[in-house]
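Residue numbering for the sequence shown follows numbering that gives the first Met the number 0, starting at 0 and increasing by one per position. Where a beta carbon is used, it is the ideal one built from N, C-alpha and C, also for glycine. So the structure is just underneath, and the comments pick up after that.
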Amino acid sequence: MTTDAGEAVTGGRTALGIELGSTRIKAVLVGPDHAPLAVGSSDWQNQFVERRWTYPLEAVWAGVQQAVAALAEDVRRRHGADLAGVGALGVSAMMHGYLAFDADGGLLTPFRTWRNTDTGRAVERLSAEFGVNIPHRWSVAHLYQAILDGEEHVARLHSLTTLAGYVHRQLTGESVLGVGDASGVFPIRDGGYHPTLLERFDRLAAEAGVELTLADLLPRIASAGQPAGELTEAGAVLLDPAGRLRPGTPLCPPEGDAGTGMVATNSVAPRTGNVSAGTSVFAMVVLERELSRAHRELDLVTTPAGDPVAMVHCNNGASELDAWAGLFTEFARALGSPATPSEVFETLFAAALDGASDCGGMLAYNYLSGEPITELEEGRPLFVRSPDSRLDLATFVRTQLFSSLATLRIGVDVLRAEGVPIDRVFAHGGLFRTEGVAQRFLAAAIDTPVSVGDVAAEGGAWGMAVLAAFATRRAPGQPLADYLDTTVFAGAGVRTAEPDPADVAGFDAFLQRYVAGLPVERAAVAHLAPAVPTEEPR
């Protein structure tokens, strides 16, 4: 191992970021220069139980421990040393959703993830009463829907939080959220929960027969760089039963995966944006000014430093593409020519470059779940084509890729109508692992140059490690944007794809067909009952 890396690992001059994503729990260890020293991960899948998407909390800790153990093994393999503590730690997770606890810390109802869209009545009422868009995924929407439905557990509710907030509380004993994650719980004003809207929510609850003070149920808010507790002895055991992590390690505020994506792509300053594409797809654009009005297609959230952000969140991303890739993997195996998933993806993505620019009469909807931007409470994956379209592999794969970006484009068009400038877009996530394909198609979809870079290759877990480092290493009063520019990303190499005019025109034609075909998707939802899987198709 190099002397610098070895000294960083054995001397604890490191920062550890852990992110609980929708399909993978990942841990990344960075050194003093923020470069990854080791990674570890474990896979998990949400379950569809009683018509709601959820994860059991036991799976949280099993997955986290597996990821940390894999990271420790990677440290040993790469550097010939044992992991012996870390200098700072941070936890992030998929945003939104609903984790409700009683006074003894007992879970009152299974974790309701961001993927659930059964909060329609709550969203309609809260958005009208608040004058801001309250998305289906937000914690306050889940709470108010539970109140409207008369759920028994509401009477015993003592606290609610996000997945990142839950893990952080178990590790530190502190009930706190980073401001970015908190902005997916309840509207934010001046770095805190909007006080007027808190009072308004309490009145709405009272009208429904429930007496509560929402402010007492929510975690406190902290911005990036502020302390958020230390690892307790019990928390250290939860993370790593082998005892490699030490009590007393400082933790930064827990964040959501949207915030860590902004950090991982250096997109926390006004006029910058990023697109994250995995199980879901979302764009984050940092605003210079308030929007003229509320838009159903846009969430108003914040950066980890508290700056306002317009978020275009699409519930459905690459999962349907994953399913098709799995089918082709099975086909290769049946032919006696087994291929790895990576080889299949690379082959399919490369083929898409030769597909018809407008997808040649093919149309796909990647809706495994509901999609609020197109006003669908449930989804049915769908592929259709016109009788005169030629069914070839290249165009089929391009259609699936275009489908994964179509709903995002609808939301970006709303931003453009508001006159929101975007100087640069940085892309990251699993969809962009095959170089030059999804990046090129995203540039066409939003008609904007799109950059990718190796520095964000480890994604949100790396971004969380950077936030942990920022909390312990920044100069007094140094803003997060300055720290990223001068300390983390200085000299970082990126690859930028300019929009190709033929691709732009092709995507525009596909999108017109996509919007016109939405009644077909709605008919599929209305007439095809789901098979109710126990877990999301792989």
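1. Where do the N-terminal and C-terminal ends of the alpha helix (DSSP H) with Tyr364 fall, by residue?
2. Within this structure, are the beta carbons of Leu320 and Ala405 separated by less than 7 Å?
3. Starting from the N-terminal side, write out each stretch of the alpha helix (DSSP H) that is 4 residues or longer and does not extend beyond the region 203-249.
4. Where are the beta strand (DSSP E) runs, 3 residues long or more, that stay fully inside the region 156-193, in chain order?
5. How is Tyr482 classed by DSSP in three states: helix, strand or coil?
6. Identify whether Arg423 lies in helix, strand or coil by the three-state DSSP scheme.
7. Counting only runs of 3+ residues fully inside the region 274-310, write out the beta strand (DSSP E) ranges in chain order.
8. Tell me the start and end of each unbroken alpha helix (DSSP H) in the region 382-422 that is at least 4 residues and wholly inside, in chain order.
9. What does the alpha-carbon distance come out to for the pair Leu367 and Gly378?
10. Using the C-alpha atoms, what's the distance from Thr373 back to Leu527?
11. In the structure shown, what three-state DSSP assignment does Gly462 receive?
12. Roughly how many angstroms lie between the CA atoms of Glu342 and Val451, to the nearest whole one?
13. Let me see if you follow: with CB-CB separation under 7 Å, is Gly208 close to chain B or not?
14. Take Val356 as the anchor and find which of Leu381, Ala338, Ser336, Leu400 has the nearest alpha-carbon.
15. With Leu70 and Gly39 assumed to form a contact (beta carbons below 8 Å), what rounded beta-carbon distance in angstroms separates them?
16. Put Gly435 into one of helix, strand or coil per three-state DSSP.
17. Decide yes or no for the touch test of the region 184-199 against the region 441-450: beta carbon pairs closer than 8 Å, at least 3 of them.
18. Do you know how far the Cα of Ser336 is from the Cα of Arg136?
19. Which residues share a DSSP beta bridge with Thr53?
20. Are the region 321-336 and the region 466-486 in contact at 8 Å, needing three or more beta carbon pairs?
21. Answer yes or no: do Val139 and Phe100 have a C-beta to C-beta separation smaller than 7 Å?
22. Return the chain-ordered list of same chain residues with a C-beta closer than 8 Å to the C-beta of Arg408, the five sequence neighbours on each side being excluded.
23. Which word fits Gln225, buried or exposed, when buried means at least 16 other C-beta atoms lie within 10 angstroms of its C-beta?
24. Under DSSP, the beta strand (DSSP E) around Thr346 begins and ends at which residues?
25. Cα separation between Leu479 and Ser158?
26. Have a look at Cys251, Ala257, Ala145, Ala233 and flag the residue whose alpha-carbon is nearest the alpha-carbon of Gly208.
27. Leaving out five residues before and five after Ser21 in sequence, what residues of the same chain have Cβ atoms less than 6 Å from its Cβ?
28. How many Å lie between Gly104 and Tyr165 at the Cα?
29. Determine the direct distance from the alpha carbon of Ala68 to that of Arg12, and round the result to whole angstroms.
30. Looking at C-alpha atoms only, which residue of Ala470, Gln65, Leu299 is the closest neighbour of Thr248?
31. Kindly indicate the opening and closing residues of the alpha helix (DSSP H) around Gly258.
32. Determine the contact status of Gly177 and Pro109, defining contact as a CB-CB distance below 7 Å.
33. Measuring CA to CA, which of His167, Cys313, Asn314, Glu289 is closest to Asp306?
34. Can you say whether Glu18 is buried or exposed, counting buried as having 16 or more other CB atoms within 10 angstroms of its CB?
35. Just to confirm the assignment, what range does the alpha helix (DSSP H) spanning Ile146 have?
Reading off the structure:
1. Position 365 of the sequence shown holds residue 364. That residue, Tyr364, is in no alpha helix (DSSP H); its beta strand (DSSP E) goes 361-364.
2. Counting from one through the sequence shown, the residue named residue 320 turns up at place 321. Counting from one through the sequence shown, the residue named residue 405 turns up at place 406. Going by C-beta atoms, Leu320 is not nearer than 7 Å to Ala405.
3. 213-216, 232-238
4. 158-160, 175-177
5. Within the sequence shown, numbered from 1, the residue matching residue 482 stands at position 483. Looking at Tyr482 - three-state DSSP - the assignment turns out to be helix.
6. The count along the sequence shown starts at 1 and reaches residue 423 at position 424. If DSSP states are grouped into helix, strand and coil, Arg423 belongs with the strands.
7. 280-285, 298-301
8. 392-416
9. One-based indexing of the sequence shown puts residue 367 at position 368. One-based indexing of the sequence shown puts residue 378 at position 379. Distance between the alpha carbons of Leu367 and Gly378: 5 Å.
10. For the purposes of this step, residue 527 is taken as the residue at position 528 of the sequence shown. For the purposes of this step, residue 373 is taken as the residue at position 374 of the sequence shown. Approximately 18 Å, taken between the alpha carbons.
11. Here the question's residue 462 lines up with position 463 in the sequence shown. Helix.
12. Taking the first residue of the sequence shown as position 1, residue 342 is located at position 343. Taking the first residue of the sequence shown as position 1, residue 451 is located at position 452. Taking the straight line from one Cα to the other gives about 21 Å.
13. Absence of chain B from the displayed structure is noted, only one protein chain being present.
14. In the sequence shown, counting from the first residue as 1, residue 356 sits at position 357. One detail in the question is off: residue 356 reads as Ser in this sequence, not Val. Minimum Cα distance to Ser356 is reached at Leu400.
15. Locating residue 70 in the sequence shown gives position 71, counting from the first residue. Locating residue 39 in the sequence shown gives position 40, counting from the first residue. Between Gly39 and Leu70 the Cβ distance is about 3 Å, and since that is below 8 Å, they are a contact.
16. Counted from its first residue, the sequence shown places residue 435 at position 436. Coil.
17. no
18. For the purposes of this step, residue 136 is identified with residue 137 of the sequence shown, where counting begins at 1. For the purposes of this step, residue 336 is identified with residue 337 of the sequence shown, where counting begins at 1. Each residue's Cα considered, the two are about 42 Å apart.
19. Within the sequence shown, residue 53 is the residue found at index 54, counting from 1. Partner(s): Gln46.
20. no
21. Residue mapping note: residue 139 aligns to position 140 of the sequence shown, counting from 1. Residue mapping note: residue 100 aligns to position 101 of the sequence shown, counting from 1. No. Outside cutoff.
22. Here residue 408 is taken as the residue at index 409 of the sequence shown, counted from 1. Cβ neighbours of Arg408 beyond the five flanking positions: Ala444, Ile445, Phe506, Leu510.
23. Along the sequence shown, one-based indexing puts residue 225 at 226. Classification of Gln225: exposed, given that the 10 Å Cβ count is below 16.
24. For the purposes of this step, residue 346 is taken as residue 347 along the sequence shown, with counting starting at 1. Where Thr346 is concerned, there is no enclosing beta strand (DSSP E), although the alpha helix (DSSP H) it sits in stretches over 340-351.
25. Residue numbering aside, residue 479 sits at position 480 when the sequence shown is read from its first letter. Residue numbering aside, residue 158 sits at position 159 when the sequence shown is read from its first letter. Whole-angstrom Cα-Cα distance: 30 Å.
26. Translated into positions along the sequence shown, residue 208 becomes position 209. Nearest of Cys251, Ala257, Ala145, Ala233 to Gly208, Cα basis: Ala145.
27. In the sequence shown, counting from the first residue as 1, residue 21 sits at position 22. So the qualifying residues of the chain are Met93, Thr278.
28. In the sequence shown, the residue the question calls residue 104 occupies position 105. In the sequence shown, the residue the question calls residue 165 occupies position 166. Gly104 and Tyr165: Cα-Cα distance of roughly 10 Å.
29. Here residue 12 refers to the residue found at position 13 when the sequence shown is read from its first residue. Here residue 68 refers to the residue found at position 69 when the sequence shown is read from its first residue. Spanning the two alpha carbons is a distance of roughly 19 Å.
30. Position 249 of the sequence shown holds residue 248. Measuring from the Cα of Thr248, the nearest candidate turns out to be Ala470.
31. By one-based count along the sequence shown, residue 258 stands at place 259. Segment 256-263, the alpha helix (DSSP H) holding Gly258.
32. The sequence position of residue 177 within the sequence shown is 178, counting from 1. The sequence position of residue 109 within the sequence shown is 110, counting from 1. In this structure, Pro109 does not lie closer than 7 Å to Gly177 by Cβ.
33. Against the sequence shown, residue 306 aligns to sequence position 307. The residue with the shortest Cα to Cα distance from Asp306 is Glu289.
34. Stepping through the sequence shown from its first residue, residue 18 is reached at position 19. When all chains shown are included, Glu18 counts as buried.
35. Here residue 146 corresponds to residue number 147 of the sequence shown, with the count starting at 1. Residues 138-147.
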